[in-house]
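Asker:
Numbering (mature numbering (1 follows the signal peptide of the UniProt record, and there is no 0)), first residue to last: -31 to -1, 1 to 301.
Below, the structure is given as structure tokens:
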């Protein structure tokens, strides 16, 4: 009997050591902000022990107790106030669920299982797990800043994302056209809430855009090397040629009037110059009259010579006719 008892004791010791060694590796568990995280214990219970024979509890990295089950009964008196009302134990999977997870809950946790025997409590299982709390950033949002230099084709915009954790690695803007793609980086501005510890991030970017083609802009938030959140596309259509502004009607009327006045003036001046250069028959007649008067004073008798121009002949005829008319009037 002594040999059997010794063999059974050695076997139990080996089982316990194997269980402890199997639980030495820490498991990673992920949970999202304000949701439920799981802290596994993975107790195999090869001996089919009942909960009445066990003492089970979890504690955090600061040795604060999250949950305790003593002989099948919960012991809230030993639980730290920050965890009261936030835990539930799944007996089938030997997992403790932590509700309403906060960023501050990120850390390492241990579960312990003791077997109650006549000689006292014996540790038969222990396991560590790391809880990683995440918060999904909002989809990046692009906002266009009012541009005072629109003719220069420079665009100014901001991109922002809020309420996320952990801090992202990078934030940038991607500009895409039919034939090219460009990336613009900027210093990421970040702020962290003192209460929730969540991050808000943003960047401000300025860059030229080609006016002759359609442009699509994305803002990218890189959380991990292979995990990127993209904004909705921001589209800028190609600019159509700007037509010349129509000339007002009154401007056209004024222009037409000015042209008319200028043309009329030029015509008038041209005719006036021509008139000065070519005197009419009446002026020539006056000249001939003066010459005849002078010849009468110097000579008693003037022989009329045949004029070279038809205009002079006409003048002589007119002069003779006038003289005869005057004589008749005198005789009468």
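Heads up, the beta-carbon is just placed ideally off N, CA and C, and yes, glycines get one too.
Within this structure, are the beta carbons of residue 155 and residue 133 separated by less than 7 angstroms?
Answerer: The residue given as residue 155 occupies position 186 in the chain shown. The residue given as residue 133 occupies position 164 in the chain shown. Cβ distance not < 7 angstroms, so residue 155 and residue 133 don't count as in contact.
Asker: Could you check whether residue 200 and residue 187 sit closer than 7 angstroms to each other, using their CB atoms as the reference points?
Answerer: Here residue 187 is taken as the residue at index 218 of the chain shown, counted from 1. Here residue 200 is taken as the residue at index 231 of the chain shown, counted from 1. Cβ distance < 7 angstroms, so residue 187 and residue 200 count as in contact.
Asker: Which runs of the alpha helix (DSSP H) fall wholly inside the stretch 170 to 198 and span at least 4 residues, in chain order?
Answerer: If we require 4 residues or more, the stretch 170 to 198 turns out to have no alpha helix (DSSP H) run fully inside it.
Asker: Can you name, in chain order, every residue of its own chain whose Cβ lies under 8 angstroms from the Cβ of residue 67, other than the five neighbours on each side?
Answerer: Taking the chain shown and counting its residues from 1, one reaches residue 67 at position 98. The answer, listed in chain order, is -1, 5, 6, 7, 8, 35, 52, 55, 56, 74 and 100.
Asker: To the nearest angstrom, how far is it from the Cα of residue 239 to the Cα of residue 178?
Answerer: Translated into positions along the chain shown, residue 239 becomes position 270. Translated into positions along the chain shown, residue 178 becomes position 209. Near 60 angstroms, if we compare the C-alpha coordinates of residue 178 and residue 239.
Asker: State the CB to CB distance for the pair residue 78 and residue 98, rounded to an integer number of angstroms; the pair is presumed to be in contact (CB under 8 angstroms).
Answerer: Your numbering for residue 78 matches position 109 in the chain shown. Your numbering for residue 98 matches position 129 in the chain shown. Yes, they are in contact, since the Cβ atoms of residue 78 and residue 98 sit about 5 angstroms apart, within 8 angstroms.
Asker: Given residue 50, which residues of its chain have a CB within under 7 angstroms of its CB, disregarding the five upstream and five downstream residues?
Answerer: Working through the chain shown from its first residue, we reach residue 50 at position 81. Same-chain partners within the cutoff: there are none.
Asker: Below 8 angstroms on the Cβ atoms is my guess for residue 71 versus residue 102; work out the distance and round it to an integer in Å.
Answerer: Here residue 71 is taken as the residue at index 102 of the chain shown, counted from 1. Here residue 102 is taken as the residue at index 133 of the chain shown, counted from 1. Contact flag correct, Cβ pair sits at about 7 angstroms.
Asker: Please report the straight-line C-alpha distance between residue 110 and residue 29, rounded to a whole angstrom.
Answerer: Against the chain shown, residue 110 aligns to sequence position 141. Against the chain shown, residue 29 aligns to sequence position 60. One C-alpha to the other measures close to 38 angstroms.
Asker: With DSSP run on the structure shown, which of helix, strand or coil describes residue 114?
Answerer: If you number the chain shown from 1, residue 114 lands on position 145. The answer is coil: DSSP assigns residue 114 none of H, G, I, E or B.
Asker: With 16 as the cutoff for other CB atoms within 10 Å, does residue 124 come out buried or exposed?
Answerer: Counting from 1 along the chain shown, the entry for residue 124 is found at position 155. Classification of residue 124: buried, given that the 10 Å Cβ count is 16 or more.
Asker: At a cut of 8 angstroms, does the stretch 78 to 97 reach the stretch 145 to 159 through at least three beta carbon pairs?
Answerer: Too few Cβ pairs lie closer than 8 angstroms, so no.
Asker: Near residue 25, which residues of its chain fall below 6 angstroms by C-beta distance, leaving aside the five closest residues on each side in sequence?
Answerer: Residue mapping note: residue 25 aligns to position 56 of the chain shown, counting from 1. 38 and 82, listed in sequence order.
Asker: Which residues bound the beta strand (DSSP E) around residue 160?
Answerer: Here residue 160 corresponds to residue number 191 of the chain shown, with the count starting at 1. Note, residue 160: beta strand (DSSP E), 158 to 161.
Asker: Which of the three DSSP states is assigned to residue -4 in this structure?
Answerer: As a working note, residue -4 is residue 28 in the chain shown. DSSP places residue -4 in strand when its eight states are reduced to three.
Asker: For residue 151, which residues in the same chain have their Cβ closer than 6 angstroms to its Cβ, ignoring the five residues on either side in sequence?
Answerer: Counted from its first residue, the chain shown places residue 151 at position 182. Excluding sequence neighbours, residue 151 sits near 144.
Asker: To the nearest angstrom, how far is it from the Cα of residue 193 to the Cα of residue 167?
Answerer: Taking the chain shown and counting its residues from 1, the one referred to as residue 193 is at position 224. Taking the chain shown and counting its residues from 1, the one referred to as residue 167 is at position 198. Cα-Cα distance, rounded: 17 angstroms.
Asker: Could you round the C-beta distance between residue 69 and residue 3 to whole angstroms and report it? I think they count as a contact, below 8 angstroms.
Answerer: As a position in the chain shown, residue 69 is number 100, starting the count at 1. As a position in the chain shown, residue 3 is number 34, starting the count at 1. Their Cβ separation, rounded to whole angstroms, is 6 angstroms, which keeps residue 69 and residue 3 in contact under 8 angstroms.
Asker: Which residue from 149, 153, 158 and 182 puts its Cα closest to that of residue 136?
Answerer: Reading the chain shown from its first residue, position 167 is the one you call residue 136. Of the listed residues, the one whose Cα sits closest to residue 136 is 158.
Asker: Would you call the CB atoms of residue 172 and residue 128 closer than 7 angstroms?
Answerer: Locating residue 172 in the chain shown gives position 203, where the first residue counts as 1. Locating residue 128 in the chain shown gives position 159, where the first residue counts as 1. The answer is yes: Cβ separation under 7 angstroms.
Asker: Does DSSP put residue 65 in a helix, a strand or coil?
Answerer: Residue numbering aside, residue 65 sits at position 96 when the chain shown is read from its first letter. Here residue 65 sits in strand by DSSP.
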